[in-house]
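Taken in order, these protein sequences are the chains called A and B.
Take the first sequence: its position 252, counted from the start at 1, is 329 in the numbering used here, and no numbers get skipped.
Take the second sequence: its position 157, counted from the start at 1, is 190 in the numbering used here, and no numbers get skipped.
Think of the CB as a built atom: it goes at the ideal place given N, C-alpha and C, for glycine as much as any other residue.
Computed from a prediction, not measured in an experiment: that's the story for all the values here.
What follows is a short report on a single structure.
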Amino acid sequence: MNSKLVALLLAFAAIAVVASRLYADVEHQRLIIVSTTASLYQLGVLDDLLSDFKNATGIDAKFKVLVKGSGEALRVLADGSACIAFVHAPSLELQYVEQGKAERLAMFAYNEFVIVGPSDDSADVRNAANAIEAFEKIYLAGEKGMAKFVSRGDMSGTNVRELQLWRLAGLSPERRPWYLKSCQGMVQTLLMAENVGAYSLTDLGTYVRLRNQGKLRVLVELKRDPQHLVNVYSAYVSATCALNDPYVRYVAQKLKNYLMTRGQELLASKYGDVIRPVRGHEDEVERAWEALARLD
Amino acid sequence: MSESIFSITLRSLYVSSTAALIAFASAVALSALLARAPRRRAEMALGVFEALVGVPTTVIGLFVYMLLNPQGPLGFTRLLYTPTAIVIGEFLVALPMAFTSMFRPFYELRECARELVLSLGCSEGLATKVLLRELAPVLTSSYLLAFSRAIGELGVALIVGSGIERYTSVLTTAIAVRTSIGDYEVSIQIGLILLSITISLALMLKVFGERVLWR
Numbered sequence: 078m079n080s081k082l083v084a085l086l087l088a089f090a091a092i093a094v095v096a097s098r099l100y101a102d103v104e105h106q107r108l109i110i111v112s113t114t115a116s117l118y119q120l121g122v123l124d125d126l127l128s129d130f131k132n133a134t135g136i137d138a139k140f141k142v143l144v145k146g147s148g149e150a151l152r153v154l155a156d157g158s159a160c161i162a163f164v165h166a167p168s169l170e171l172q173y174v175e176q177g178k179a180e181r182l183a184m185f186a187y188n189e190f191v192i193v194g195p196s197d198d199s200a201d202v203r204n205a206a207n208a209i210e211a212f213e214k215i216y217l218a219g220e221k222g223m224a225k226f227v228s229r230g231d232m233s234g235t236n237v238r239e240l241q242l243w244r245l246a247g248l249s250p251e252r253r254p255w256y257l258k259s260c261q262g263m264v265q266t267l268l269m270a271e272n273v274g275a276y277s278l279t280d281l282g283t284y285v286r287l288r289n290q291g292k293l294r295v296l297v298e299l300k301r302d303p304q305h306l307v308n309v310y311s312a313y314v315s316a317t318c319a320l321n322d323p324y325v326r327y328v329a330q331k332l333k334n335y336l337m338t339r340g341q342e343l344l345a346s347k348y349g350d351v352i353r354p355v356r357g358h359e360d361e362v363e364r365a366w367e368a369l370a371r372l373d
Numbered sequence: 034m035s036e037s038i039f040s041i042t043l044r045s046l047y048v049s050s051t052a053a054l055i056a057f058a059s060a061v062a063l064s065a066l067l068a069r070a071p072r073r074r075a076e077m078a079l080g081v082f083e084a085l086v087g088v089p090t091t092v093i094g095l096f097v098y099m100l101l102n103p104q105g106p107l108g109f110t111r112l113l114y115t116p117t118a119i120v121i122g123e124f125l126v127a128l129p130m131a132f133t134s135m136f137r138p139f140y141e142l143r144e145c146a147r148e149l150v151l152s153l154g155c156s157e158g159l160a161t162k163v164l165l166r167e168l169a170p171v172l173t174s175s176y177l178l179a180f181s182r183a184i185g186e187l188g189v190a191l192i193v194g195s196g197i198e199r200y201t202s203v204l205t206t207a208i209a210v211r212t213s214i215g216d217y218e219v220s221i222q223i224g225l226i227l228l229s230i231t232i233s234l235a236l237m238l239k240v241f242g243e244r245v246l247w248r
């Protein structure tokens, strides 16, 4: 009888062993863990940049990409769990830089956030003078029961910007019945806004991609505002990694040079309006970043 | 985006069956240990594990992250964001499930089987054999529960594995990532694969058990 039980255990073990044989787990290459905000990954920008970086510099590192929101991406960077991060949340970035946990490599790209909403535009956002006034209009319409707003609610770069705009408008939508939090990624948030006919703040890239896929019928772009809605993407290296690991420091230095030279050309030629290279606009972007980082 | 679902499935099977197997073995050992304890103490221990069944996998994931991150006590092992890290986390997820589902029958049957066998004049060793034979269906169910819990959990895989393509991406994180980019169709497909794996494993083990173990 006992032998049958042994057989049972062996069967369990066999499942584990067979699967592990087929799947090679052991890897001893130089690993560099990169955390990134979801939008760069979803648009394919990050993969393009990293593989072109390896081609251009001949660096044979193996990049492992963790796809997270900017908040979590920066947190794992500060812990040293990831060594390089690509993010877009200036005020959070500044915190970590001031704590000495992250060093900026480059502000390498930017695009715009846009306010999207139902095409009938019950809050009349189209005619707002700027993003702040647009948010005021949404608030007023929301209080009258004529509009809803879907927020990411997840401390991502987009969410942080949205909260800044509410603060600039001197309004607090927290706990208002028309203010919904999706606590999910940009795509789900947009789909939710589409489904309930609500307004939302989104990065241009995700919105354009989703619209081109035919998944948005009601939601349209209503307001751009180059002054308040610039979205700056930056790369950081973790202070812990750079301190302890000369190889990471070396790769980070190379990456910094790459991002501001050949990487700029790649972005310009391939991504156009969706992710714009900063070349030629360095000062503007830097100023915008500074302003955004110190808004809190 | 480009890793085949097949290789993700293999990785998922490897990670979850390893975790479930370790959890299962630990649960058997734990049960054998606690079966000798007085009833009151055994009940207390069981109660604790019953409560632990409900701990969110995200919390377990964060706990393992705290241990494994470079500044954590086990940071030197450099296991964060490897399949092994997911195995550790899923082991913790599956253990309470495996233990609670086997312990009560284990405890009750142990006394009966022992009394019966000893009263028939047989040895202690035989008592263990009889016990294990009688418990075979329960143990199979326990393993299945542990495996299903491990392969179906998301919190641990997302936090300590992070769904790195070709490395730590498993079925549940693949579903999460593809859902986050609005690719609901592929997500549903992967979900169906997950379901068919767990159901077919369950059927296989039950048939195997009926034919071989406890007929």
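Kindly provide the ranges of any beta strand (DSSP E) runs that are 3 or more residues long and lie completely inside the segment 261 to 334 of chain A, ordered along the chain.
276 to 280, 296 to 300 and 307 to 315
Give the residues of chain B in contact with Phe163(A), contact being defined as C-beta atoms less than 7 Å apart.
Within 7 Å Cβ-Cβ: nothing; Phe163(A) doesn't reach chain B, min ~14 Å.
Thinking just about the alpha-carbon of each residue, which of Leu204(B), Ala146(B), Glu186(B) and Phe241(B) is nearest to the one in Ile93(B)?
Glu186(B)
By how many angstroms is the C-alpha of Tyr140(B) removed from the C-alpha of Ser64(B)?
8 Å
In the DSSP assignment, what residue or residues form a beta bridge with Leu143(A)?
Ser112(A)
Go ahead and pull the three-state DSSP assignment for Gly177(A).
coil
Does the beta carbon of Lys221(A) sit closer than 9 Å to a beta carbon anywhere in chain B?
no
Measure the C-alpha to C-alpha separation of Val61(B) and Tyr176(B) and round it to an integer number of angstroms.
10 Å
Would you say Thr317(A) reaches chain B, if we count a Cβ-Cβ gap shorter than 9 Å as a contact?
yes
My assumption, with CB atoms under 8 Å, is that Leu267(A) sits in contact with Leu287(A). Please give the rounded CB distance.
6 Å
With DSSP run on the structure shown, which of helix, strand or coil describes Glu210(A)?
helix
With 16 other Cβ atoms within 10 Å as the buried cut-off, status of Pro354(A):
buried
So, are the CB atoms of Arg249(B) and Ala127(B) less than 9 Å apart?
Beyond the ends of chain B as shown, which are 34 and 248, falls residue 249(B); an answer cannot be given.
Report the partner residues of Pro69(A) according to the DSSP bridge assignment.
Only positions 78 to 373 of chain A appear in this structure, which leaves residue 69(A) out of reach.
Please go through the segment 45 to 117 of chain B and give each complete alpha helix (DSSP H) segment of 4 or more residues, from N-terminal end onward.
72 to 85 and 90 to 101
Considering only DSSP beta bridges, list what Arg353(A) is partnered with.
Tyr187(A)
With a threshold of 16 other CB atoms inside 10 Å of the CB of Tyr327(A), please say whether the residue is buried or exposed.
exposed
Name the chain A residues whose beta carbon is nearer than 7 Å to that of Leu107(B)?
Going along chain A, no residue has its Cβ under 7 Å from Leu107(B), so there is no contact; the nearest lies around 13 Å.
Could you give the distance in angstroms between the alpha-carbon of Val351(A) and the alpha-carbon of Thr110(B)?
41 Å
Tell whether a beta-carbon distance below 9 Å holds between Trp255(A) and Ser249(A).
no
Count the other C-beta atoms from every protein chain shown that fall within 10 angstroms of the C-beta of Lys221(A), then say buried if there are 16 or more, exposed otherwise.
exposed
Any contact between the segment 331 to 348 of chain A and the segment 169 to 188 of chain A? By contact I mean 3 or more CB pairs, one from each, below 8 Å.
yes
Which term fits Asn132(A), buried or exposed, when burial requires 16 or more other beta carbons within 10 angstroms of its beta carbon?
exposed
C-beta contact flag for Ala179(B) and Ala160(B) at 9 Å:
no
To the nearest angstrom, how far is it from the Cα of Ala207(B) to the Cα of Glu148(B)?
52 Å
Taking a contact to mean a Cβ-Cβ separation below 9 Å, would you say Leu168(B) touches Pro138(B) in this structure?
yes
For the segment 140 to 164 of chain A, which residues have a beta carbon sitting closer than 7 Å to at least one beta carbon of chain B?
Lys141, Val142, Leu143, Val144, Asp156, Gly157 and Ser158
Chain A contact for Leu236(B) (CB, 9 Å cutoff):
no
Spatial neighbours of Thr201(B) in its chain, beta-carbon cut-off 7 Å, leaving aside the 5 residues before and after:
Tyr114, Thr115, Pro116, Ile119, Gly194 and Ser195
Taking 8 Å as the line, does the beta carbon of Glu157(B) fall inside it for any heavy atom of the ligand GTP?
The ligand content of the structure shown is nil, which means the ligand GTP is not present either.
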